[in-house]
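*Asks:*
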Amino acid sequence: MEPLGREFFRQDTVKVAKALIGKLLEVDRIRMRIVETEAYKDDQASHARTYTERSRLMFETYGHIYVYLVYGMYHCLNITTDEGPGAVLIRALDGEGCDGPGKLCRKLDITLKDNGQPLGRRFRILDDGQEPEIGTSERIGIRKDTHLRWRFYSKERQHPHR
DNA sequence: TACTGGATTCACT
DNA sequence: GTGAATCCAGTAA
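As structure tokens, this is what we get:
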């Protein structure tokens, strides 16, 4: 089972977010299926609204790990995409205690120390050939012109949830 | 240097 | 449904 190459992440952010549903995230030797993602593309309410030291990765890389701290206590795992600013937030994995972006980072010990590294080291994305079952997708955000986020759920994730 | 608020979660009512 | 925890990057001064 070959890990996805970095070039895969060079394409449109929303396409990557959708395609990642059903893929396997490997961290160290632990593999879990991705069941919820969110695309951040040209979102004026996201880190990508300005070019800063923190957001630089979203502008200049694809296929790299982007981790940041929210609310002073939770980390969020993203993979940078596209040739412009963009990233996909990994929101949930099919595993115990991984049903939220902050929770999966806590479970897998993902912190700022992981920020900026390319895929292929500690982190890999694997495709085991299983057809992705996209349950729902929804557009997140209040303002139509500034919030451009799309969230994708696997079929199994969608049902018992929300 | 000081202030502000967030790509969340959990414990309450 | 509401609010607190907690800290750092970004911004303004």
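Numbering (our numbering), first residue to last: -8 to 153. Backbone N, C-alpha and C fix where the C-beta goes; we use that ideal spot for every residue, glycine too.
#1: Output the distance between the C-alpha atoms of L99 and V18, rounded to the nearest integer angstrom.
#2: Please report the residue range of the beta strand (DSSP E) in which R97 lies.
#3: Mind checking who N106 pairs with in its DSSP beta bridge?
#4: Note the first and the last residue of the continuous beta strand (DSSP E) segment covering E51.
#5: Taking A36 as part of the beta strand (DSSP E), name the residues at either end of that continuous run.
#6: Ends of the alpha helix (DSSP H) at L11?
#7: Following a CB-centred definition, is S145 positioned closer than 7 angstroms to any heavy atom of the ligand SAM?
#8: Closest to D34 by CA distance: which of D118, L48, F(-1), G77 is it?
#9: What does DSSP give as the partner residues of T28 in its beta bridges?
#10: Since A36 and A8 should fall inside the 8 angstroms C-beta cutoff, what is the C-beta to C-beta distance between them, to a whole number of angstroms?
#11: Do L117 and K14 have their CB atoms nearer than 8 angstroms?
#12: Does DSSP put R148 in a helix, a strand or coil?
#13: For P92, count neighbouring Cβ atoms within 10 angstroms of its own Cβ and tell me buried if that reaches 16, exposed if not.
#14: Contact check, F0 vs I70 under 8 angstroms by CB: the rounded distance?
#15: Helix, strand or coil for R153, going by three-state DSSP, please let me know.
#16: What does the alpha-carbon distance come out to for the pair D90 and L(-5)?
#17: Does DSSP classify R(-3) as helix, strand or coil?
*Replies:* Short version:
#1: 7 angstroms
#2: Looking at the DSSP string, R97 is not in any beta strand (DSSP E); the run it does join, the alpha helix (DSSP H), is 92 to 99.
#3: For N106, which the question treats as bridged, DSSP gives no partner whatsoever.
#4: From DSSP, E51 is part of no beta strand (DSSP E) but of the alpha helix (DSSP H) over 47 to 51.
#5: Unbroken run through A36: none, as it is neither H nor E.
#6: 4 to 11
#7: Among the components modelled here there is no ligand, and therefore nothing to report on the ligand SAM.
#8: G77
#9: Looking at the DSSP assignment, T28 forms a beta bridge with I81, F143.
#10: Not a contact, Cβ separation roughly 17 angstroms.
#11: Contact: yes.
#12: helix
#13: A residue is called buried when at least 16 other Cβ atoms come within 10 angstroms of its Cβ; P92 meets this threshold and is buried.
#14: 6 angstroms
#15: In this prediction, R153 scores a pLDDT of 48, lower than 50, which makes its location untrustworthy; the coordinate-derived value is nonetheless stated afterwards. Coil.
#16: 23 angstroms
#17: When DSSP states are grouped into helix, strand and coil, R(-3) belongs to the helix group.
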